[in-house]
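*Asks:* Encoded as structure tokens, here's the structure I'll be asking about.
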Amino acid sequence: MTASRMLVRDWRGGELGILMAALVLAVALVSGISAFTARLQGALEQESHRFLAADRVVRSAEALPESWLEEAAGRGLAVAQTLSFPSMVYVGEEGMVLASVKAVSAAYPLRGVLRYSAEPFGEVREAGAGPGRGEVWLDSRLFPLLGVAIGDSVAVGDAEFRVTAAARTEPDQSASFLSFGPRVLMHYADLAATRVVQPGSRVEYRQLFAGPATVLDAFVDWLEPQLGDRQRLLSVDSAQPRLGRALERAERFLLLAGSLGVVLAGVAIALAARRFSERHTDYVAIMKSLGATAGVIGWLYGRSLLLLGGVATALGCALGWALQAGFFALFADQLPVQPGPSGWRPYGIGTLTALVCLLSFAWPPLRRLSQASPLRVLRRDMPLEQRRSLRDYAVGLLAVTGLMWWYSRDLLLTGAVLAGLGVTVGLGLVLALTLLRGGRLVGMSAGSIWRLALAGLQRRGAANAVQVVIFAMAIMLLLVLVLVRTSLIDTWQTQLPADAPNHFLINIAPEDVQGVEQALRRAEIDSAPLYPMIRGRAMAVNGSELPRRDETEEGPRQREANLTWSEDLPEGNQLLAGEWWPPGSDSAEVSVEEEFAQRMGLTLGDRVTFLVGARSLEATVSSIRAVDWQSFNPNFWLVFPPRLLNDFPATFMTSFHLAAEDKSFLNGFIRDFPTVTVIEMDVVIDQVRGIVDQVSAAVELVLLVILAAGALVLVAGVQASVDARMHESAILRALGAPRRLLLGGLLIEFAALGLFAGLLAVVGAELSVFILQEQAMDLRYAPSPWLWPLGLSAGVLLIGGLGTWSCRRAVSSPPLAVLREL
Amino acid sequence: MIKVDNLHKRVPMAGGELEILKGITLEIKSGESVAIVGASGSGKSTLLGLLAGLDDVSSGRVVIDGTELSALDEDARALFRGQRVGFVFQSFQLLPALTALENVMLPLELQGQRQAQRDARTFLERVGLGERMHHYPRQLSGGEQQRVAIARAFAARPDILFADEPTGNLDTATGARVIELLFELNREEATTLVLVTHDLGLAERCETCLRLDSGRLVEEG
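Here the protein sequences come in this chain order: A and B.
Adding 104 to a residue's 1-based position in the first sequence gives its number in this note's numbering.
Adding 6 to a residue's 1-based position in the second sequence gives its number in this note's numbering.
The following block contains the structure:
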């Protein structure tokens, strides 16, 4: 007899439906989520490339070889180039302002959007390309400073340009404070005519490249050996660490979600296989009575299983593909980014998952099937072989661990989930057995519905305990996901609150400090304190001079930095080592930011010599600080006691939030304080927030998929016990029990199981989330009191509802029909 | 020939051991028809199970045509059953997922016979179900299901046919027709027939009647 024939016959008989559905679900879930996350990651990566305006960028202070652009273009990559430099912009004889000029080629930007407005501070629009030949776009605040309007002419170096628009934002607008001065955008081809760029000028050349990942990687492999000391290759990570962090967390969440999907799928398969094997015990007995040996049975079921796996894998992959394609189609509006390709990996993962699940969850009960006694043909009342050996559990555990680890590539994440599951299972078995036994005493004096329910709970004590554990596992995994998602999104929102500072004022002269403060107060703008800022250069450590340059740019060398002073530890800073100085201190101390200290090789007690203007200043490192770079507050590497820097010439800076409708405030402000530099970060912050919103939407979507998977495990779990309950209910009905009694009994029985399961799930979930957040996701853990009512009510409602619903036929069909079927 | 020598069967119980068969010794000749009768719980079905090699003996021997069945392991007994033994059960024991034809083909397929379908068709026609070959067990009446089971039992051309209460689930008229069929095929195929029954009328049709009482053979004739 061939396996395929047996499979076809079993399929026709409706016996394979459950196992098949579970397998298809597992494969669809895993491949669907993998493909979904892969495509989303591709999309987000592309989105984050906006911050580079390209996929890769080469940056240099000297002209870059044209041949690189030609090579890249020859390989089919899109290319562009930019050149940034400070230069005076003139209007007639009087008007003259130092601006930050950026010349861009026609293809710029390769990623992201260039924005302009037809009038200064006017409505922002997207531009297809930068200024044309002979045109410039000026920063909005240059218009009042220079006294020009759209259509007027301005000069940069030797060339005259017509002002055609207000430059608002570029995708790669640097978020650092190093590019001062209002922006002037011009065409790359007009550079030569200006004659401002001479050898030795302070300029930054950039070559931009974009295209398919494989072509890009090959090009980078070709390019990298040719890069000189002062040429640096930039990718997204180096361009936007803040965003990189958010994406990394999101990726971890998606991996976590996928891993939980694998566990849920495994449980569903194990349940289905067990039910399948129970239902097949009689078949095997008959086949054995007809002469089939254990070997033949094993061989037959083994091959059937493989065949089934093959079909289920194909169907599951197709369904997984449809799932993620459906999601992207359905939520296309919410995800303005174009999803990337998923490749074959997700379907490979799906296939392997199916194989592992089959071997470790489905095979053990089927293998035992071949041990069924042929005597069952004479004695149908023989108990089913239900022993599950320790080896089965060990194999299952190993498979879950292996799959999760392989899938998430994160041992900590796997460990956290397993720890939670372990506690749930362990506590579950103890609690369930104890409580179910306790029910006997209470049950005796209870009313008839309760007595029926409690009797039901007890009769299937061991089976119920297993069921409670399975329900608890499913609910726990779902709770973990909900918890992590909530804290992830909360964290993002706290880091980027709606009123995050989005404008910075720098170069405030000491004599303007009061005026600026008054102007802000008059406009009812809530600003950060004014921080002094002194440009200084770290020259020597412990008396030995630092090298001027460093090959890797990462090691100790002379570095320019903004120095500030403060009486107190700045807000959002955390002291890692050493002590903060007492108020009024005038000792020569400095507090150093941890990464700066690391790069400069500084530890507590080191003496650092700074050059400020023409004067030198020596201070001892008295503390090391962690700074929240993800906040948009002014942050400093080096902080001194106020008295120490009192004598040095300082300018001041501050930051504040300005809503879009209040932006006209800047026009008057710039007129009143022409020397103050305004840095507008609002558009950049909006971009970051936009990406975070999209990632949040993705997280929610994946959560929905996993919730569906969890619900299916619950259904499979309930199904596993339906036969026995139906049988009993049918007998009770035959004996005259009213519908209400039976339904009430079933409802109470399942609700009680749900209550226990919810309780265990909450405990396990809290433990998992604690480990996950503190260790794996770098988020802060806080207990969630709302989890208890949520977990318990989810257990009661879901299990109670599902269970009663699944057994409804026991009370709606004639008892004889039910008894005959079972 | 079936030789049974001092056969015992004991099963573990909560309070100790329960002895179901207490030293049975008997002989059944090839081609003979034998009925085993007795009250419920007398050990009839247990004896049948041991004769057919469906269960392990506690002590004693069962020897069929020189093969000591009680010394074989389950796999070897399965092979023996496949080649030599056929069954008809009270509850028919058809696989619900298979059609009548497929149920009859099953033992032939397990033996690896190429003519499985042809032989199965022949036997289904012989039991009068030529028109219902593609029906599933649930679409057949009890009598029809038992006829499928008889066809399945004879299709593998066994030397010995074991029948456990073959009419137990059937009304009198249907039961009588099924018995006619069973004896007719038994005659035509020259099979040894061992059947367990409550039905004394059925028992009288057999050449030998063995009566069991509390695990002991009390009467033979």
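Where is the CB? At the ideal position from N, CA and C, for every residue including glycine.
Note that the coordinates shown come from a computational prediction; the quantities given were computed from them, not determined experimentally.
(1) Which same chain residues end up closer than 7 Å to A/Arg513 when comparing Cβ atoms and leaving out the 5 residues on each side of it in sequence?
(2) Quick one: does B/Gly221 have its CB under 8 Å from some CB of chain A?
(3) Return the CA-CA distance between A/Arg163 and A/Arg703, expressed in angstroms with no decimal places.
(4) With a threshold of 16 other CB atoms inside 10 Å of the CB of A/Tyr497, please say whether the residue is buried or exposed.
(5) Where are the alpha helix (DSSP H) runs, 4 residues long or more, that stay fully inside the stretch 80 to 151 of chain B, in chain order?
(6) Report all residues from its chain with a CB closer than 6 Å to the CB of A/Arg299; omit the five preceding and five following residues, and keep chain order.
(7) Below 8 Å between beta carbons: does that hold for A/Val366 and A/Thr457?
(8) What does B/Gly174 reach in chain A if we use C-beta pairs closer than 8 Å?
(9) Pairs of beta-carbons, one from the stretch 409 to 426 of chain A and one from the stretch 122 to 132 of chain A, closer than 8 Å: are there three or more?
(10) Taking the alpha-carbon of A/Ile783 as reference, which of A/Leu187, A/Ala158, A/Pro169, A/Ser244 has the nearest alpha-carbon?
(11) In chain order, what residues of the same chain have a beta carbon less than 8 Å from the beta carbon of A/Pro746, not counting five sequence neighbours either side?
(12) Have a look at A/Gly905 and A/Ala374 and give me their C-alpha separation to the nearest angstrom.
(13) Mapping the DSSP letters down to three states, classify B/Asp219 as helix, strand or coil.
(14) Could you tell me which of A/Trp684, A/Asn646, A/Ser726, A/Glu683 sits nearest to A/Val712, measuring between CA atoms?
(15) Among A/Ala602, A/Val534, A/Leu609, which one has its Cα closest to the Cα of A/Val572?
(16) Taking 8 Å as the CB-CB limit, is A/Val415 close to chain B?
(17) Kindly list the residues whose CB is nearer than 7 Å to the CB of A/Arg109, restricted to its own chain and excluding five residues on each side of it in sequence; keep chain order.
(18) Are the CB atoms of A/Met637 and A/Asn666 nearer to each other than 8 Å?
(19) Per DSSP, B/His204 is paired with what?
(20) Buried or exposed for A/Val521, please, with buried defined as at least 16 other CB atoms from any protein chain shown within 10 angstroms of its CB.
(21) Could you work out which residue in A/Ala869, A/Arg160, A/Thr268, A/Ala269 is closest to A/Ser949 when comparing CA atoms only?
(22) Report the residues of the stretch 356 to 390 of chain A with a CB closer than 9 Å to any CB of chain B, ordered along the chain.
(23) Determine, using beta carbons only, whether B/Ala84 comes closer than 8 Å to chain A.
(24) Give the residues from the stretch 44 to 61 of chain B that approach chain A closer than 9 Å (Cβ to any Cβ), ordered along the chain.
(25) Identify the continuous beta strand (DSSP E) that holds A/Arg729 and give its terminal residues.
(26) On the criterion of 16 or more Cβ atoms from any shown chain inside 10 Å, does A/Gly709 qualify as buried, or is it exposed?
(27) Should B/Asp79 be labelled buried (16 or more other beta-carbon atoms within 10 Å of its own) or exposed?
(28) Restricting to runs no shorter than 3 residues, where is the beta strand (DSSP E) found entirely within the stretch 175 to 207 of chain A?
(29) Taking any Cβ of chain A, which residues in the stretch 182 to 201 of chain B have a Cβ under 8 Å from it, in chain order?
(30) Tell me the DSSP secondary structure of A/Thr397 in three-state form.
(31) How many angstroms separate the CA atom of A/Ser720 from the CA atom of A/Ser727?
(32) List the residues of chain A whose Cβ lies closer than 8 Å to the Cβ of B/Phe93, in chain order.
(33) Please confirm whether A/Tyr292 and A/Leu187 have their CB atoms less than 8 Å apart.
(34) Going by alpha carbons, who is nearest to B/Leu54 out of B/Glu137, B/Ala41, B/Glu23, B/Thr105?
(35) Is there a Cβ from chain A that is less than 8 Å from the Cβ of B/Arg163?
(36) Based on DSSP bridge pairs, tell me the residues matched to A/Glu264.
*Replies:* Looking at the coordinates:
(1) none
(2) no
(3) 21 Å
(4) exposed
(5) 80 to 90, 106 to 116, 122 to 132
(6) Gly261, Asp262
(7) yes
(8) Neighbours of B/Gly174 on chain A: none; closest Cβ ~12 Å, over 8 Å.
(9) yes
(10) A/Ser244
(11) Trp669, Ser670, Glu671
(12) 23 Å
(13) strand
(14) A/Asn646
(15) A/Val534
(16) no
(17) none
(18) yes
(19) Partner(s): none; B/His204 has no beta bridge.
(20) buried
(21) Here chain A covers residues 105 to 926 and nothing more, so residue 949 of chain A does not appear.
(22) Asp386, Tyr387, Ala389, Ile390
(23) yes
(24) Ser51, Thr52, Leu54, Gly55, Ala58, Gly59, Leu60, Asp61
(25) 719 to 731
(26) exposed
(27) exposed
(28) 182 to 195
(29) none
(30) coil
(31) 21 Å
(32) Ser393, Leu394, Val481
(33) yes
(34) B/Ala41
(35) no
(36) A/Ala259
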